[in-house]
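In my numbering, the protein residues as written are 73 to 250.
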């Protein structure tokens, strides 16, 4: 399918845990219901997934965790999360872990003011060479282990004033834009 539309009559947990068996490639996701708590692993292990776009109806205002959301999606190249409301989230562990094909991420709309766990968020994104995390507020983050482990040797990262002392985690050869 190219568009996944989940209406109020569908069982979201069942659909979430079966995405990996659909052989997804390029999709737009529209879910017309409020999502709550954890939507982690939603696209985890979707090895053929190339691109994902979430439309404005994908309501994440009550979601607290997106851990492993794209974990091990080795063919993933493009993710449009510009419609994500992350103001309630506290767990962003391993969101893009082993997304080896992705080269750039724009997460400039993310509100991370409540996030406490960010370990491995970009771990093993071997070709990731541009990240815009200029809106990231790291004041409550307690765990950042392997946040940028095994990313590209050179790259550009855009950070904001609330990134603070976490600059030391950015790979040494990366150009930092503040």
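By construction, the Cβ of each residue, glycine as well, lies at the ideal position given by its N, Cα and C atoms.
Model, not experiment: these values are computed from the prediction.
According to DSSP, simplified to helix, strand and coil, what is residue 177? strand
Between 123, 245, 198, 161, which lies nearest to residue 148 when the distance is taken from Cα to Cα? 123
Simplified DSSP assignment, three categories, for residue 238: helix
Three-state secondary structure assigned by DSSP to residue 233: helix
Within a Cβ cutoff of 8 Å, which residues of the same chain sit near residue 88, ignoring the five residues on either side of it in sequence? Low confidence applies to residue 88: its pLDDT is 48, below 50, so where it sits in the model is not reliable, and the reading given next is rough at best. Cβ neighbours of residue 88 beyond the five flanking positions: 111, 113, 114.
Considering just the uninterrupted stretch of the beta strand (DSSP E) at residue 152, what are its terminal residues? 150-152
Check whether the Cβ atoms of residue 163 and residue 189 sit closer than 8 Å, and answer yes or no. yes
Do the segment 192-200 and the segment 228-235 touch if we need at least three Cβ pairs shorter than 8 Å? no
In angstroms, rounded to a whole number, what distance separates the CA positions of residue 183 and residue 176? 19 Å
Closest by C-alpha distance to residue 240, when choosing among 225, 160, 216: 216
Would DSSP call residue 158 helix, strand or coil? coil
Quickly, what does DSSP pair residue 247 with across the bridge? List them, please. 228
Taking its Cβ as the centre, do 16 or more other Cβ atoms sit within 10 Å of residue 138, making it buried, or is it exposed? buried
So, are the CB atoms of residue 219 and residue 234 less than 8 Å apart? no
What residues in its chain sit with their C-beta under 6 Å from that of residue 86, if we drop five residues either side in the sequence? Because residue 86 carries a pLDDT of 40, less than 50, the predicted location of this residue cannot be relied on, and no value is offered for it.
Separation of residue 247 from residue 134, as counted between CA atoms: 34 Å
Range of the contiguous beta strand (DSSP E) that encloses residue 204: 202-205
Expressed to the nearest angstrom, what Euclidean distance is found between the alpha-carbon atoms of residue 212 and residue 186? 6 Å
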